[in-house]
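Read the structure below first, then the notes.
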Amino acid sequence: MSKTNLRTLSRYSDSLSYAYLEHAVIEQEQHSIAAFTPDGRISLPVANLSCLLLGPGTRITHAAIKVLAECGALVAWTGHDGLKFYASGQSKTRLSQGIELQAKHWADPDLHLHVVRRMYQLRFSEHLPRHLALQQIRGKEGVRMRDVYQKLAQQYGVVWRGRSYDRKNWQSADPVNKALSAANSALYGVISAGLHALGYSLSLGFIHTGKQLSFVYDIADLFKTETSIPAAFEAAAQSDLNVESRARSIFRDRASHERLQDRLVKATASLFSNEKNNSQGDNVDVSGPADLWDPKGNQRGGILHACDDP
1 MSKTNLRTLS RYSDSLSYAY LEHAVIEQEQ HSIAAFTPDG RISLPVANLS CLLLGPGTRI
61 THAAIKVLAE CGALVAWTGH DGLKFYASGQ SKTRLSQGIE LQAKHWADPD LHLHVVRRMY
121 QLRFSEHLPR HLALQQIRGK EGVRMRDVYQ KLAQQYGVVW RGRSYDRKNW QSADPVNKAL
181 SAANSALYGV ISAGLHALGY SLSLGFIHTG KQLSFVYDIA DLFKTETSIP AAFEAAAQSD
241 LNVESRARSI FRDRASHERL QDRLVKATAS LFSNEKNNSQ GDNVDVSGPA DLWDPKGNQR
301 GGILHACDDP
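UniProt numbering puts the sequence shown at residues 1 to 310.
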């Protein structure tokens, strides 16, 4: 297979959201890949796929992984129904501007607080006064989420006793909580793929901290009330059977309708909007040498820098 021209690949915001497979063998098929399941063969549009989630019982060939990597699709290994994240491959971006900008804001207390307040503001339709302390904002967020759950429970006729589940025994949860776990996990997969594609770290969170996916949780919370949460209540209202897979399917439709990937790109960039951010790297030669850091500004790499001193 010829080497892929990175400039011909689709932007993340133009890509399909994700595909989830289990009990399948994934192989290269010409310049793409195909999955072979007990139900037959499935062709996957790898050049326009942002994330391939591999559940239990999947096997993938070296050639298929190579195609996915060259097309910039994220591959993630997950638990059943995507409920756990185990590992992932490389991202679509080949640049470091995104993670450098993220790290700068994460490490500086003032910039960190600016991002936190901006994240909360994006969740509310009304303006949050600057004098509000973070504890007060968290209180408002708690009330907002309580109202969201109650409203959706009434809308879909679902009994809601609160968010409750046992991490060691997922099956003990009621249908709506099972659906929420499945839909939220699907959302985390899409957000993880997006942040990878844009060149951000999944771990350097601002509101959430101390977890491998802290930044994923930060960004996912911006979109839950429009995507995964209503998808879960809709799935639970239809039937108690196969509620997890149905929640993922409804979530996928909602994510497409709400233009989740395009909004993810814009929302994440707005968090660091006080600085230039070219994390998509449209005008950068991704195949060129890395720059050399200098306190006066980065210097061109890949050349010998002659010293004037003897």
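Ideal placement from N, C-alpha and C gives every residue a C-beta, glycine not left out. A quick note: this is a predicted structure, and the numbers were derived from the prediction, not measured.
Taking all protein chains shown into account, do 16 or more other C-beta atoms lie within 10 angstroms of the C-beta of TYR120, making it buried, or fewer, making it exposed?
-> Taking all protein chains shown into account, TYR120 has 16 or more neighbouring C-beta atoms within 10 Å of its C-beta and is therefore buried.
Give, in chain order, every unbroken run of the beta strand (DSSP E) that is at least 3 residues long and sits entirely within the region 146-205.
-> Entirely contained in the region 146-205, not one beta strand (DSSP E) run reaches 3 residues.
How long is the line joining the alpha carbons of ALA19 and ASP166, rounded to whole angstroms?
-> Their backbone Cα atoms lie some 27 Å apart in a straight line.
Have a look at GLY40 and GLN97 and give me their C-alpha separation to the nearest angstrom.
-> Their Cα atoms are separated by approximately 42 Å.
List the whole-angstrom C-beta distance separating LYS224 from LEU187, where the pair is believed to meet the contact cut-off of C-beta under 8 Å.
-> The Cβ separation is near 7 Å, so the contact holds.
Which value, in whole angstroms, describes the spacing of the CA atoms of LEU21 and VAL190?
-> Going from the Cα of LEU21 to the Cα of VAL190 covers about 14 Å.
Cα separation between residue 315 and TRP77?
-> For the chain, the structure presents residues 1 to 310; residue 315 sits outside this window and is missing.
Do LEU180 and ILE229 have their C-beta atoms within less than 8 Å of each other?
-> Cβ atoms of LEU180 and ILE229: closer than 8 Å.
Helix, strand or coil for ARG41, going by three-state DSSP, please let me know.
-> It is a strand residue.
What are the uninterrupted segments assigned as beta strand (DSSP E) that are 3 or more residues long and contained completely in the region 55-90, given in chain order?
-> Unbroken beta strand (DSSP E) stretches of 3 residues or longer found wholly inside the region 55-90: 58-60, 74-78, 85-88, given in chain order.
Separation of PHE215 from TRP106, as counted between CA atoms = So the alpha carbons of these two residues sit roughly 11 Å apart.
Enclosing beta strand (DSSP E) for ALA24 [first to last residue] | For ALA24, the enclosing beta strand (DSSP E) has its first and last residue at 24-29.
Helix, strand or coil at PHE272 according to DSSP, with G and I counted as helix | If DSSP states are grouped into helix, strand and coil, PHE272 belongs with coil.
In its own chain, which residues sit with a C-beta less than 7 Å from the C-beta of GLN212, not counting the 5 before and 5 after it?
-> Once the five neighbours on either side are set aside, the close Cβ partners of GLN212 are LEU202, SER203.
Can you name, in chain order, every residue of its own chain whose Cβ lies under 6 Å from the Cβ of PHE233, other than the five neighbours on each side?
-> Within the same chain, Cβ atoms closer than 6 Å to the Cβ of PHE233 are found at LEU152, TYR156, VAL158, the five residues on either side in sequence being excluded.
For ASP253 and SER185, the rounded distance between their alpha carbons | Straight-line Cα distance between these residues: approximately 15 Å.
With DSSP as the reference, label SER32 as helix, strand or coil.
-> SER32: strand per DSSP, three-state reduction.
Looking only at its own chain, which residues have a Cβ that is under 6 Å from the Cβ of ARG118, when we skip the five neighbours before and after it?
-> Excluding positions up to five away in sequence, the list reads LEU271.
Would you kindly check if the distance between the Cβ of LYS168 and the Cβ of GLU244 is under 8 Å?
-> Not in contact: GLU244 and LYS168 (Cβ atoms no closer than 8 Å).
State the Cα-Cα distance for the pair LYS66 and PRO129, rounded to the nearest angstrom.
-> Answer to the nearest angstrom: the Cα atoms are 50 Å apart.
Considering only the beta carbon of each residue, do GLN28 and ALA64 sit closer than 8 Å?
-> Yes. Within cutoff.
Per DSSP, TYR20 forms a beta bridge with which residues?
-> TYR20 pairs with LEU53.
Are SER43 and SER50 touching if we call contact CB-CB under 8 Å?
-> SER50 is positioned such that its CB atom lies no closer than 8 Å to that of SER43.
Near the ligand FAD: ILE207 beta-carbon under 7 Å from a heavy atom | As presented, the structure is devoid of all ligands, the ligand FAD included, so that no description of it is given.
Which one of GLN238, GLN102, ALA133 has the shortest CA to CA distance from PRO175?
-> For the set GLN238, GLN102, ALA133, the Cα lying nearest the Cα of PRO175 is the one of GLN238.
Nearest-angstrom Cα separation, counted from THR227 out to ILE26 = The C-alpha of ILE26 lies about 29 Å from the C-alpha of THR227.
Can you give the Cα-Cα distance for MET1 and ALA87, rounded to whole angstroms?
-> Only weak support exists for where MET1 lies, its pLDDT of 38 falling under 50; the value from the coordinates is given anyway. Counting only the Cα atoms, ALA87 lies some 26 Å from MET1.
Could you check what DSSP says for ILE207 in three-state terms: helix, strand or coil?
-> Residue state for ILE207 is assigned as coil, using DSSP reduced to three classes.
If you draw a straight line from the alpha carbon of PRO45 to that of GLY139, how long is it in whole angstroms?
-> Put simply, the backbone Cα of PRO45 is about 44 Å away from that of GLY139.
Helix, strand or coil: which one does DSSP assign to SER245?
-> In the three-state DSSP reduction, SER245 falls in the helix class (H, G or I).
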